[in-house]
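Residue numbers (the numbering used here): 319 to 664.
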């Protein structure tokens, strides 16, 4: 997959650019496509006091811009002519800032990209809702958001599936000590949610050992002998290694976001991992059931398939390998997906 040159087009990219963020991977993909990319980082890094303050105001619908992203955008647009202003999620970016950009540089296309359900109240702010009509192109990974954006006056809305970064999400060769540390029969990496807990406990109570990785699971440490909890944040290469070391990787959806697919839906097969996820129309369109991934509708079917595939290593391996090849052949990587997006509105 070579670098695709787009000439000297420039992008001002705005997003949470901390290590392991999906925004960082999208920015890097745009760089690989040949864009000249300037960045505005909206993340608060590890300042937990500021993060807590922002979350309090966010719940009230206000997106506090404590990093001065709006001012940084205004300053950059005064001295540079950008072809695109690319806002990743953008809950702190004001509509007035977007209008100022268009006033200063009419050729700039205003792009909003969101990996989240922006009609879930936890993802909304007044800034974002008032900006929907101002953005000229909106990209969403939630198919049901398309009609909802249009109902609020969005100009152009594009649905894309989730993606992966081949530099990070790839089959990993693990050292012996890594295998000992990370090996799991059944594993899940992600945030806590009650339905996820219920399904995991169903497996555990039926004698299936499950390894859960994520900060929000800490209170469940030492609760069941068959449940192992690593209360740490796994990202980047560590995340890929954990997937590669796990026989069956669970793909739970986030009910609060009305998910039909998630990042891990693509990342697990891209890492060469065996994916066992909740059955949805979008999952079935991404991977052939029983050939490239496996799916379930309820806890009983989940348990049945876990037991079967733990006993059938060859079948499990064939599916994991086919899932990986599907990711490559169908161009599920960020570079390919964003390249197709830009073609639509260039």
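No residue lacks a Cβ here, since even glycine has one placed at the ideal position from N, Cα and C.
- Looking from the CA of residue 401, the closest CA among 387, 496, 537 and 428 belongs to 428.
- Sequence-distant Cβ neighbours of residue 571 in its own chain, meaning closer than 8 Å and more than five residues away, are 577, 578, 579, 580, 595, 596 and 598.
- Counting only runs of 3 or more residues that sit fully inside the segment 576–620, the beta strand (DSSP E) segments are 593–596 and 612–614, in chain order.
- Spatial neighbours of residue 539 in its own chain (CB-CB distance under 7 Å, excluding positions within 5 residues in sequence) are listed in chain order as 547 and 549.
- Judged by DSSP in its simplified three-state form, residue 544 adopts coil rather than helix or strand.
- When the five nearest sequence neighbours on each side are left out, the beta carbons in the same chain lying within less than 8 Å of the beta carbon of residue 552 are those of 507, 531, 532 and 560, in order along the chain.
- Per DSSP, reduced to three states, the secondary structure at residue 330 is strand.
- Counting of Cβ neighbours within 10 angstroms places residue 403 among the buried residues, the total reaching 16 or more.
- Residue range 564–569 is occupied by the beta strand (DSSP E) that includes residue 568.
- The beta carbons of residue 465 and residue 450 sit no closer together than 8 Å.
- The beta carbon of residue 470 sits closer than 6 Å to those of 450, all from its chain and outside the five residues before and after it, given in chain order.
- In this structure, 406 is the residue among 657, 358 and 406 with its C-alpha nearest to the C-alpha of residue 430.
- The alpha-carbon of residue 463 is positioned some 13 Å away from that of residue 442.
- A straight-line Cα-Cα distance of about 8 Å links residue 461 and residue 478.
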